[in-house]
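Visitor:
2 protein chains.
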Amino acid sequence: MAGRAGTGKTAESTDRVSVICRALRRAIIEQALEPGAKLPEDSLGERFGVSRTIARHALGQLAAEGLVELRRNRIAVVATPSWQEARDAFDIRIELERLVVRQLAGRLTKAQIAELTAHVDAEDRARDGTDAVSIRLATEFHILLAHMTNSPILVRYVSEVAYRCCLTLSLYSRPHSSECAINEHRAIIAALVKGDAAKAMELMHGHLDSVATRALVAPTPQRGRDLLDILAPYADETGSERVVKLPKAARR
Amino acid sequence: MAGRAGTGKTAESTDRVSVICRALRRAIIEQALEPGAKLPEDSLGERFGVSRTIARHALGQLAAEGLVELRRNRIAVVATPSWQEARDAFDIRIELERLVVRQLAGRLTKAQIAELTAHVDAEDRARDGTDAVSIRLATEFHILLAHMTNSPILVRYVSEVAYRCCLTLSLYSRPHSSECAINEHRAIIAALVKGDAAKAMELMHGHLDSVATRALVAPTPQRGRDLLDILAPYADETGSERVVKLPKAARR
DNA sequence: GGCGCCCGAATTGCATGCAGTTTGTGCCGC
DNA sequence: GCGGCACAAACTGCATGCAATTCGGGCGCC
């Protein structure tokens with residue numbers, strides 16, 4: 001009924017490279033690594049017990065996924081998407097995940113339903129824990145759904161874009177915890193089980209839209225963008241004390 | 001009105017790596033490199049005047065895009081997506097490109113309209129030329145549209161998935177030329193200019209759907225899959241002359 | 001005290017070398 | 001002839017070395 005081919009691994013599982021990728025992805029998603037954080041090749045290599053070659057390759061992968069920014073001759077850093085990029089990412093994500101639930105509606109096996117339910121239960125349990133874990137679990141719920149389509153391409157795109165959205169969350173969103181209403185996850189599962197594709201798509205749309213708007217309330221120039229623009233309004237305070245130290249405070 | 005940020009380059013433009021990527025992408029899209037074609041690192045390096053390190057990195061990039069298959073300790077090959085993967089790619093492509101035209105409807109500048117028209121004219125002119133060029137131009141039309149959204153992420157995904165679709169075309173489609181009805185391109189432009197988002201989305205959907213179904217008529221086990229399965233029906237011709245030489249004729 | 005310059009340390013860009021794996025081919029027994 | 005084995009060539013996986021560039025701190029000058 002829901003059978004597909006699915007190689008599942010493209011370049012993913014070159015062993016050591018993918019280990020590093022996974023570790024970094026997770027660190028980023030849990031906000032242990034903030035946007036802008038530096039990722040020197042040999043520190044990475046040393047940390048994971050490999051040479052720079054491998055670390056470099058891993059960074060290349062992550063850059064291709066949009067999680068890391070690679071500038072020539074410069075230390076790689078965790079990507080800091082602009083507000084508009086964040087908005088675009090969410091727009092794409094909405095379309096992709098609507099596709100996911102459309103394909104999934106009424107086709108979930110009992111085992112899959114159980115797996116989803118278990119996951120959401122885990123999300124509930126993690127409520128008391130750190131935000132980091134909640135966010136990770138919420139994201140993984142969406143990726144888990146994508147996996148169930150058995151479409152490797154869809155999995156890849158949903159994963160990527162979900163990770164990117166996480167990144168923006170840590171940039172533009174206040175730490176108001178539990179950004180993903182767990183009940184909405186449950187509602188989506190229910191619609192899928194019932195086989196109501198339209199309902200599931202609508203729920204998913206609403207769910208993601210609310211996450212997006214809750215996070216990206218406004219272009220909030222305060223965070224994440226350019227520092228010089230931020231300070232522009234203050235530039236004409238000529239004769240005052242406490243002048244900002246530009247070169248020192250420039251991003252961490 | 002249609003202003004956006006847009007860095008445009010992620011890891012793309014590490015110079016030599018991206019040169020190789022572009023060359024290979026183009027070779028693949030023009031079917032000069034068939035699915036399954038071998039891509040040894042040092043041949044590539046020699047051809048482009050760089051060391052294996054660079055060639056390797058380029059292959060990594062392309063693998064991340066799904067154009068190349070990287071198997072451990074084996075020569076990299078041009079990817080050969082399964083029929084189902086091809087179908088999935090087209091499904092995703094439809095959603096993404098609907099998003100593109102939705103964002104673009106009524107927002108095209110005069111210059112952009114001119115550029116699009118010029119491109120379609122070029123497609124028309126290329127009708128007499130080789131199929132390779134037609135296919136490339138048709139694909140580039142879609143990528144050009146994506147570019148006009150000023151959303152780097154959207155550009156990346158549309159490009160990737162469009163390339164993948166090209167790949168499947170060369171696998172599963174007969175060489176019936178002009179796979180992309182040029183008139184449909186013109187119609188889409190017209191709808192965009194008129195600002196009729198719904199119409200443009202519908203046209204784009206129909207356009208891609210027709211391309212997909214024209215190409216992917218059926219699971220066609222004849223091409224692209226497994227050779228042994230293909231030859232199975234012929235296997236019982238026991239006592240005849242001219243037995244197929246398996247190991248020699250294997251692809252290429 | 002603040003600002004800019006300069007130089008050493010840190011870091012990347014890239015090629016090459018070596019070890020391990022795969023692939024292809026010729027040879028031998030049947 | 002035909003199938004299998006073994007060896008050699010080809011190729012990848014990875015680390016390391018060297019040159020070029022950037023980063024950061026200290027020093028002198030204003």
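If you read the sequences in order, they're chains A and B.
Counted the way our numbering counts, the first sequence spans residues 1 to 252.
Counted the way our numbering counts, the second sequence spans residues 1 to 252.
We treat Cβ as the ideally placed atom computed from N, Cα and C, and that holds for glycine.
Under 8 angstroms, do residue 97 of chain A and residue 95 of chain B count as touching if we go by C-beta distance?
Guide: Going by C-beta atoms, residue 97 of chain A is not nearer than 8 angstroms to residue 95 of chain B.
Visitor: Name the two residues that bound the continuous alpha helix (DSSP H) containing residue 120 of chain B.
Guide: 110-125 is the span of the alpha helix (DSSP H), which, as asked, contains residue 120 of chain B.
Visitor: Quick test of your reading: residue 167 of chain B and residue 79 of chain B, contact by CB under 8 angstroms. State the CB separation rounded to the nearest angstrom.
Guide: Confirmed, Cβ separation roughly 6 angstroms.
Visitor: Below 8 angstroms CB to CB, which residues in the same chain sit around residue 204 of chain B once its five sequence neighbours on both sides are set aside?
Guide: Counting only Cβ-Cβ distances below 8 angstroms, and skipping sequence neighbours, we find 94, 97, 98, 100, 101 and 188.
Visitor: Which residue marks the beginning of the alpha helix (DSSP H) containing residue 78 of chain B, and which one marks its end?
Guide: Run containing residue 78 of chain B: none in the alpha helix (DSSP H); it sits in the beta strand (DSSP E), 76-78.
Visitor: If you follow the alpha helix (DSSP H) that residue 81 of chain B is in, where does it begin and where does it stop?
Guide: Taken as a continuous stretch (DSSP letters only), residue 81 of chain B belongs to no alpha helix (DSSP H), as it is neither H nor E.
Visitor: By the 9 angstroms beta-carbon criterion, what residues does the segment 47-58 of chain A contribute toward chain B?
Guide: Here the close residues are 53, 56 and 57.
Visitor: Can you look up residue 228 of chain B in the DSSP assignment and give me helix, strand or coil?
Guide: Confidence at residue 228 of chain B is low in this model, with a pLDDT of 49, below 50, so its placement is unreliable and no value can be given for it.
Visitor: Anything in the segment 74-95 of chain A with a Cβ closer than 7 angstroms to a Cβ of chain B? List those residues in chain order, please.
Guide: Residues passing the 7 angstroms Cβ filter: 82, 84, 85, 88, 89, 91, 92 and 95.
Visitor: Does DSSP put residue 140 of chain A in a helix, a strand or coil?
Guide: Correct three-state label for residue 140 of chain A: helix.
Visitor: Relative to the C-alpha of residue 109 of chain A, which residue among A/82, A/156, A/145 and A/89 is closest?
Guide: The candidate whose alpha carbon is nearest that of residue 109 of chain A is A/145.
Visitor: If you count every other CB in all the chains shown that lies within 10 Å of the CB of residue 217 of chain A, and 16 or more means buried, which is it?
Guide: That one is exposed.
Visitor: Could you tell me the distance, in whole angstroms, from the CA atom of residue 158 of chain A to the CA atom of residue 142 of chain A?
Guide: Cα to Cα, the separation comes out at about 8 angstroms.
Visitor: For the segment 33-95 of chain B, which segments carrying the alpha helix (DSSP H) assignment without a break, of at least 4 residues, lie completely within its bounds, in sequence order?
Guide: If we require 4 residues or more, the alpha helix (DSSP H) runs fully inside the segment 33-95 of chain B come out as 41-48 and 52-65.
Visitor: Leaving aside the five residues before and after residue 192 of chain B along the sequence, list all residues of the same chain whose C-beta is less than 7 angstroms from its C-beta, in chain order.
Guide: Excluding residues within five positions, the ones whose Cβ falls inside 7 angstroms are 101, 104, 105, 108 and 200.
Visitor: At what residues does the alpha helix (DSSP H) containing residue 203 of chain B begin and finish?
Guide: It spans 197-215 - the alpha helix (DSSP H) in which residue 203 of chain B sits, taken as one unbroken run.
Visitor: Indicate whether at least one CB of chain A lies closer than 8 angstroms to the CB of residue 152 of chain B.
Guide: At least one chain A Cβ lies under 8 angstroms of residue 152 of chain B.
Visitor: Is the shortest distance between the beta-carbon of residue 112 of chain B and the beta-carbons of chain A less than 8 angstroms?
Guide: So, not an interface residue.
Visitor: Please confirm whether residue 21 of chain A has its beta-carbon closer than 8 angstroms to some beta-carbon of chain B.
Guide: No, its Cβ sits nowhere closer than 8 angstroms to a Cβ of chain B.
Visitor: Give the DSSP-derived three-state secondary structure of residue 190 of chain B in the structure shown.
Guide: In the structure shown, residue 190 of chain B sits in a helix (DSSP, three-state: H, G or I).
Visitor: Quick check: the Cα distance between residue 16 of chain B and residue 56 of chain A, rounded to an integer number of angstroms?
Guide: Going from the Cα of residue 16 of chain B to the Cα of residue 56 of chain A covers about 16 angstroms.
Visitor: Sorted by chain position, which residues of the same chain lie with C-beta nearer than 8 angstroms to residue 147 of chain B's C-beta, five sequence neighbours on each side aside?
Guide: Answer for residue 147 of chain B: 155, listed in chain order.
Visitor: Between the Cα of residue 213 of chain B and those of B/35, B/88, B/153 and B/137, spot the shortest distance and give me the residue it belongs to.
Guide: It is B/88 whose Cα lies nearest to the Cα of residue 213 of chain B.
Visitor: If residue 48 of chain A sits next to residue 29 of chain A, beta carbons under 8 angstroms apart, how far is it from one beta carbon to the other, in whole angstroms?
Guide: Incorrect: roughly 18 angstroms between the Cβ atoms, too far for contact.
Visitor: Output needed for residue 116 of chain A: all residues of its chain with C-beta closer than 6 angstroms, excluding positions within five of it in sequence on either side, in chain order.
Guide: Cβ neighbours of residue 116 of chain A beyond the five flanking positions: 189.
Visitor: So what does DSSP say about residue 150 of chain A, is it helix, strand or coil?
Guide: In this structure, residue 150 of chain A counts as coil in the three-state DSSP scheme.
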